[in-house]
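**Student:** This is the structure, below, for whatever I ask next.
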Amino acid sequence: DGGITQSPKYLFRKEGQNVTLSCEQNLNHDAMYWYRQDPGQGLRLIYYSQIVNDFQKGDIAEGYSVSREKKESFPLTVTSAQKNPTAFYLCAAENRDTPPYGYTFGSGTRLTVV
Amino acid sequence: GQNIDQPTEMTATEGAIVQINCTYQTSGFNGLFWYQQHAGEAPTFLSYNVLDGLEEKGRFSSFLSRSKGYSYLLLKELQMKDSASYLCAVRDGSDSWGKLQFGAGTQVVVTP
């Protein structure tokens with residue numbers, strides 16, 4: 001079955017550390033997205049990529065970095081510059097081939113600063 | 115920018131009907147999505163509206179009025195498993211694809 005795999009499911013980070021969240025898809029979709037979810041708030045866009053080797057900042061990109069070297073993979077690094085990284089992180093790939101052209105989400109990574 | 119508003123929480127009894135409203139103010143519009151999200155899990159697609167009117171899919175229906183910036187999701191014959199957060203998301207018309215903007219979600223609690 002096609003889908004999106006995020007790992008790890010839970011991640012603990014010490015202050016001052018960089019951590020990388022993995023996102024892999026086998027849906028053959030070009031566009032991929034990273035969102036952050038905090039309690040009581042909507043999903044907020046961190047970064048997105050519409051094609052391999054290209055990516056753009058979203059609304060809250062500060063303290064984060066991404067790469068898109070392969071179509072299947074879109075890892076997110078949370079750097080030490082991100083002051084409040086504790087959140088639920090969701091990766092999505094976008095279907096642009098057949099209606100209704102929506103997102104498929106991964107199961108998420110819950111990051112906690114300890 | 116975008117402003118997407120939906121109620122924080124709604125409670126309903128098993129077997130009843132619940133309507134979740136979503137209002138939006140956007141610089142453009144290219145579709146509205148509804149997603150269901152159970153706690154700690156991925157959002158899953160429920161419905162998509164790009165033209166005015168009602169889209170029905172089993173127990174779930176979604177309505178859109180573009181002139182009013184308004185949508186609702188109707189859940190009929192509620193089941194306990196429908197207890198979840200329901201997310202309204204709008205695609206900004208400045209892009210043909212991508213970049214959904216999400217509301218904060220409506221937590222639906224179904225009681226026996």
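From first to last, the protein sequence lines stand for chains C and G.
FYI, the numbering for the first sequence is 1 to 114, going by our numbering.
FYI, the numbering for the second sequence is 115 to 226, going by our numbering.
Every residue, glycine too, gets a C-beta built ideally from N, C-alpha and C.
1. If contact means a Cβ-Cβ distance below 7 angstroms, which residues of the region 135–162 of chain G contact chain C?
2. At a cut of 8 angstroms, does the region 60–76 of chain C reach the region 13–27 of chain C through at least three beta carbon pairs?
3. Does the contact criterion of 3 or more C-beta pairs under 8 angstroms hold for the region 168–180 of chain G versus the region 118–127 of chain G?
4. Skipping 5 residues on each side, what residues in its chain have a beta carbon closer than 7 angstroms to that of residue 39(C)?
5. State the Cα-Cα distance for the pair residue 177(G) and residue 185(G), rounded to the nearest angstrom.
6. From the DSSP output, in three-state form, read off residue 195(G) for me.
7. In chain order, what residues of the region 118–132 of chain G put their CB closer than 8 angstroms to some CB of chain C?
8. Who are the neighbours of residue 214(G) on chain C, taking C-beta pairs under 7 angstroms?
9. What residues in the region 48–60 of chain C bring their beta carbon closer than 8 angstroms to a beta carbon of chain G?
10. Excluding the five sequence neighbours on either side, which residues of its own chain have a C-beta within less than 8 angstroms of the C-beta of residue 213(G), listed in chain order?
11. Within this structure, are the beta carbons of residue 91(C) and residue 48(C) separated by less than 8 angstroms?
12. Quick check on residue 85(C): buried or exposed, where buried means 16 or more other Cβ atoms within 10 Å of its Cβ?
13. Got a sec: is the Cβ-Cβ distance from residue 218(G) to anything in chain C below 8 angstroms?
14. Please give me, in chain order, every unbroken run of the beta strand (DSSP E) with length at least 3 that falls completely inside the region 130–180 of chain G.
**Tutor:** This is what the structure gives:
1. If the cut-off is 7 angstroms between Cβ atoms, the region 135–162 of chain G has 147, 155, 156, 157, 159 and 162 near chain C.
2. As far as the Cβ criterion goes, the region 60–76 of chain C touches the region 13–27 of chain C, which means the pair count is three or higher.
3. Verdict: no, contact absent.
4. Taken in chain order, the list of residues that qualify is empty.
5. Residue 177(G) and residue 185(G): Cα-Cα distance of roughly 5 angstroms.
6. Correct three-state label for residue 195(G): helix.
7. The region 118–132 of chain G vs chain C, Cβ under 8 angstroms: 118 and 122.
8. Residue 214(G) reaches chain C at 103, counting residues in chain order whose Cβ is nearer than 7 angstroms.
9. Taking 8 angstroms as the cut-off between beta carbons, the residues of the region 48–60 of chain C near chain G are 48, 50 and 58, in sequence order.
10. Excluding five sequence positions before and after residue 213(G), the CB atoms of its chain that fall closer than 8 angstroms to its own CB belong to 205 and 206, given in chain order.
11. In this structure, residue 48(C) does not lie closer than 8 angstroms to residue 91(C) by Cβ.
12. Here residue 85(C) is buried, its C-beta having at least 16 other C-beta atoms within 10 Å.
13. With 8 angstroms as the cut-off, residue 218(G) counts as an interface residue toward chain C.
14. Counting whole runs of 3 or more residues, the region 130–180 of chain G contains the beta strand (DSSP E) stretches 132–139, 146–151, 158–163, 167–171 and 174–179.
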